[in-house]
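Take a look at the structure below.
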Amino acid sequence: MSTEVLGKPAAGTRSRQERALERYYQAGQWQLIWWRFRRHAMARVALVVLGLLYLSAAFAEFISPYAPGTRFEGYSDAPPTRIHFFADGRFVGPYVFGIKRELDLKTFQTRYVPDRSRRVPIRFLAPGDDYKLWGVIPGNLHLFTTEGDVPVLLFGADRLGRDLFSRTIYGGRVSLTIGFVGVLFSFLFGVIVGGISGYFGGTVDLVIQRVIEFILAIPSIPIWMALSAALPRQWSVVKTYFFITIILSLISWVGLAREVRGKLLAVREEDFVTAARIAGASWPRIIRVHLLPSFTSHLIVVLTLSVPGMILGETALSFLGLGMQPPAVSWGVLLQDAQNIATVAQRPWQLIPALFVIVTVLMFNFLGDGLRDAADPYSS
Amino acid sequence: MFSYILRRLLLFVPVLIAISFLIFVIIQLPSGDYVTTYVEELRAQGVEVKPEDIQELKRRYGLDQPLYGQYLRWIRNILLEGDFGRSFSWNKPVSAILKDTVPLTIAVSLGSTLFVYLVAIPIGIYSATHKYSLFDYVATFIGFIGLSVPGFLLALILVWVVYSTFGVNITGLFSPQYADAPWSLGKFLDLLKHIWFPIIIIGMSGTAGLIRVMRGNLLDELQKQYVITARAKGLKESEVLLKYPVRVAINPIVSTIGWVLPSIVGGETLVSIVLNLPTTGPVLLRATLSQDMYLAGSITLILSTLTLVGTLISDLLLAWLDPRIRFGKAGE
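One line per chain: the protein sequences are A and D, in this order. According to our numbering, the residues represented by the first sequence are 1 to 380, in order. According to our numbering, the residues represented by the second sequence are 1 to 332, in order.
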């Protein structure tokens with residue numbers, strides 16, 4: 001908002017500091033939150049990284065060089081492919097060699113060595129595996145890919161010779177969204193129950209608080225495991241996804257409910273609530289229209305900070321084989337391959353999905369921290 | 001004090017009943033029951049099963065009764081006879097499996113809890129008194145990592161790092177020669193040699209959280225006037241610190257056992273699966289994968305009960321530490 005709009009021609013004569021102060025006083029709550037959030041360097045980095053992760057998951061078909069199910073013959077458990085740029089001392093653009101299996105006569109282990117007779121260039125924005133973007137738009141264009149049966153495997157391959165990079169990108173779809181969908185469920189649950197508890201107080205509050213304490217006191221992982229054991233294995237991917245989210249939300253809504261209750265208890269005695277009550281507003285309307293908006297920013301913080309818990313929950317369950325089932329791809333499913341020490345020691349690249357989980361969770365924590373500082377822009 | 005303990009104990013019973021019922025409902029969730037699965041298994045092996053036999057089996061396991069009847073029967077057997085039911089996949093009584101695994105689970109969880117408090121409190125105090133020092137930043141950073149990286153992924157990565165650099169496999173709780181041996185001094189020492197690794201991994205996130213809480217609490221207390229008074233009286237700095245503000249700052253830490261314990265027990269389950277420890281975690285995983293519901297339910301029940309007992313103990317400890325709670329004044 002510039003000062004000219006407000007019809008103050010004397011803008012030029014005032015000091016820069018005065019103008020900055022004026023700008024500050026004129027800004028709305030969300031503007032102030034944004035300004036304060038911008039000051040938080042790590043939170044800004046987190047926003048960018050998370051944005052990239054979600055974009056890559058959204059356009060997984062395009063970003064990944066191959067379809068998640070494409071198998072490459074002779075590439076089972078292959079290490080990440082080396083990308084070459086020079087041939088005979090001349091820059092020729094990125095290309096890769098095929099690989100062949102060789103028996104190491106010292107250790108009697110199979111090894112992969114580059115097969116210099118097969119040289120394949122990496123092509124950018126080139127046609128490859130057919131896909132349907134979001135299951136609707138047909139296409140075959142990939143950000144980068146190779147032709148024929150010599151793949152470029154940025155993260156190596158899994159046991160069945162499938163490209164781990166493509167699968168990690170696709171896996172983000174389940175792993176990154178389950179946090180949001182789950183938080184949405186928790187949000188509904190938490191706001192309704194916490195809202196009732198905080199608004200009515202008294203016996204209702206007492207009962208709900210005991211229930212919440214009860215849920216907080218039980219260890220969630222074993223309950224999650226037992227609950228997901230009850231899900232039939234033959235269910236479709238979508239159905240399993242949906243129920244896993246519900247299982248995860250069953251426990252995590254309590255944190256939100258507590259937060260909502262605490263805030264409601266604090267604001268329900270305010271004059272504007274009494275005014276609304278006298279004006280004849282019903283209680284769901286008072287909660288929804290008058291009370292909730294007064295602490296929306298705090299709710300966003302709590303929501304952001306509960307996303308990583310959900311992501312970890314799904315990863316843990318799928319990693320154990322109790323969550324999403326193959327052929328569904330999620331980071332937890334990909335980590336199933338890394339369950340035993342022999343795998344991890346010989347094929348460390350199969351731990352890369354774990355790095356994605358860790359980075360995502362860290363970034364959500366940074367983002368939440370930044371938002372928490374920004375949520376109340378009127379504090380000093 | 002006595003009435004407080006009594007009230008706390010009285011509250012403990014309904015909570016325990018509620019959780020056991022919840023778990024029993026979970027056990028009943030998968031379609032089909034124990035007998036149906038068993039009969040299918042027998043038929044698959046070519047054994048002929050008559051309808052009367054099925055009825056007889058159902059009666060023997062109490063499956064012909066309504067849900068609450070089955071629940072009462074289940075609980076009565078557990079309480080009176082220590083009979084948790086029969087594990088379908090192990091073909092053994094559940095109690096026999098629990099006898100081997102539960103004590104080790106308790107040992108690892110208890111060790112992790114002790115580790116969390118023994119490490120977090122001193123580091124928290126040091127971080128608060130040396131605010132913005134290099135150590136404080138390092139502790140904050142490690143704390144942040146510990147809080148965000150889940151134990152089972154940390155375990156996976158550390159196992160790989162140790163194995164690829166030193167060639168040592170740090171999974172399990174015993175060396176091979178002691179794994180099935182009866183208890184002896186040698187086996188106990190061998191356990192001590194292995195148990196520290198899972199304890200640290202499991203305790204990591206709890207420690208990280210508590211360092212933050214302890215640091216924050218102490219920083220708040222250090223600004224209060226009684227600290228200045230104590231210092232003005234000429235007390236030694238260590239006495240000023242340990243006698244007043246630390247004692248106040250430590251109370252909320254004790255009360256956090258209530259949320260540290262569930263996360264430790266849950267973390268223990270996951271980490272023990274990754275590290276292949278002979279505790280309840282891997283057994284629970286196998287039981288859930290094969291829908292061996294009595295075993296899975298019993299383990300979940302025991303883990304939850306242990307957590308509740310731990311929380312109860314921490315509450316009593318807190319009441320002893322903080323008179324405000326004893327007289328029902330705190331939190332008002």
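The C-beta atom is built at its ideal place from N, Cα and C for all residues, glycine as well.
First through last residue of the alpha helix (DSSP H) which encompasses residue i
i	result
Arg167/A	164-200
His84/A	Taken as a continuous stretch (DSSP letters only), His84/A belongs to no alpha helix (DSSP H), being part of the beta strand (DSSP E) at 84-87.
Met214/D	185-222
Phe319/A	296-319
Ser164/D	151-166
Gly146/D	134-148
Ile218/A	Segment: none, Ile218/A is in no alpha helix (DSSP H) and carries neither H nor E.
Ala257/A	237-267
Ala20/A	16-26
Phe24/D	2-28
Leu235/D	Element bounds for Leu235/D: n/a, residue is neither H nor E.
Tyr71/D	67-81
Leu335/A	331-335
Phe108/A	No alpha helix (DSSP H) holds Phe108/A; DSSP gives it neither H nor E.
Val273/A	271-278
Trp30/A	29-38
Arg347/A	Careful: Arg347/A lies outside any alpha helix (DSSP H) and carries neither H nor E.
Lys58/D	51-60
First and last residue of the uninterrupted beta strand (DSSP E) at residue i
i	result
Asn140/A	137-145
Val48/A	Run containing Val48/A: none in the beta strand (DSSP E); it sits in the alpha helix (DSSP H), 41-58.
Lys132/A	123-133
C-alpha gap between residue i and residue j, whole angstroms
i	j	result
Ile83/A	Leu153/A	9 Å
Pro245/D	Ala230/D	10 Å
Ile273/D	Leu219/D	39 Å
Pro262/D	Val116/D	13 Å
Phe37/A	Leu312/D	41 Å
Glu221/D	Ile33/A	30 Å
Val359/A	Tyr170/A	16 Å
Ile17/D	Ala41/A	49 Å
Ser2/A	Ala328/A	Unreliable placement is indicated for Ser2/A, whose pLDDT of 45 sits below 50; the coordinate value is still reported in the next sentence. Cα to Cα, the separation comes out at about 52 Å.
Asp315/D	Ala249/D	16 Å
Asp77/A	Gly161/A	6 Å
Val5/A	Arg39/A	Per-residue confidence for Val5/A stands at a pLDDT of 48, beneath the threshold of 50, marking its modelled position as unreliable; the derived number appears in the next sentence. So the alpha carbons of these two residues sit roughly 27 Å apart.
Leu185/D	Phe180/A	52 Å
Tyr54/A	Leu57/D	54 Å
Leu242/D	Ala232/D	16 Å
Phe144/A	Leu303/A	36 Å
Gly216/D	Phe84/D	45 Å
Asp129/A	Val150/A	14 Å
Ser56/A	Val357/A	14 Å
Arg167/A	Ala287/D	29 Å
Pro252/D	Ile5/D	19 Å
Ala330/D	Met214/D	Residue confidence for Ala330/D is low, a pLDDT of 45 falling below 50, so the modelled location carries little weight; the figure read from the coordinates is stated next. The alpha-carbon atoms of Ala330/D and Met214/D are separated by roughly 19 Å.
Thr129/D	Ala279/A	54 Å
Val13/D	Ser330/A	41 Å
Val159/D	Thr171/D	7 Å
Ser117/A	Phe124/A	23 Å
Ala333/D	Ala226/A	Missing from the structure shown is residue 333/D; chain D here goes from 1 to 332 and no further.
Gln306/D	Ser205/D	The question names Gln, but residue 306/D is Leu in the sequence shown. Spanning the two alpha carbons is a distance of roughly 20 Å.
Glu73/A	Arg101/A	11 Å
Ile302/D	Pro219/A	11 Å
Beta-ladder partner(s) of residue i, from DSSP
i	result
Lys100/A	Val113/A
Phe91/A	Phe86/A
Val120/A	Val96/A
Ala157/A	Asp163/A
Lys92/D	Ser87/D
Arg71/A	Arg162/A
Is the stretch 192-203 of chain D in contact with the stretch 103-115 of chain D, if contact means three or more CB pairs nearer than 8 Å? Touching, yes.
For a minimum of 4 consecutive residues, which ranges assigned as the alpha helix (DSSP H) are wholly contained in the stretch 237-298 of chain D? Runs of the alpha helix (DSSP H) inside the stretch 237-298 of chain D: 237-243, 245-255, 257-274, 280-289.
Closer than 8 Å is the cut-off here; do at least three beta carbon pairs connect the stretch 194-210 of chain A with the stretch 97-108 of chain A? No: the two stretches stay apart, fewer than three of their Cβ pairs being nearer than 8 Å.
Inter-stretch contact (C-beta, 8 Å, three-pair minimum) for the stretch 184-191 of chain A and the stretch 248-262 of chain A: Contact between the stretch 184-191 of chain A and the stretch 248-262 of chain A is present, with at least three C-beta pairs closer than 8 Å.
Three or more beta-carbon pairs under 8 Å between the stretch 221-231 of chain A and the stretch 288-300 of chain A, yes or no? Contact between the stretch 221-231 of chain A and the stretch 288-300 of chain A is absent, because fewer than three Cβ pairs lie under 8 Å.
With contact counted as at least three CB pairs below 8 Å, one residue from each stretch, are the stretch 363-372 of chain A and the stretch 207-223 of chain A in contact? The stretch 363-372 of chain A is not in contact with the stretch 207-223 of chain A.
When the Cβ atoms of the stretch 53-73 of chain A are set against those of the stretch 83-92 of chain A, are three or more pairs found closer than 8 Å? Under the three-pair Cβ rule at 8 Å, the stretch 53-73 of chain A does not count as touching the stretch 83-92 of chain A.
The stretch 88-97 of chain D touching the stretch 290-302 of chain D, judged by at least three CB pairs closer than 8 Å: Contact holds: three or more Cβ-Cβ distances are below 8 Å.
Across the stretch 17-36 of chain A and the stretch 343-354 of chain A, are there enough close Cβ pairs to call them in contact, namely three or more that are closer than 8 Å? In short, these stretches do not touch, since the Cβ pair count stays below three.
Does the stretch 133-142 of chain D come close enough to the stretch 310-327 of chain A that 3 or more CB-CB pairs lie under 8 Å? Taking 8 Å as the limit for Cβ pairs, the verdict is that the stretch 133-142 of chain D does not touch the stretch 310-327 of chain A.
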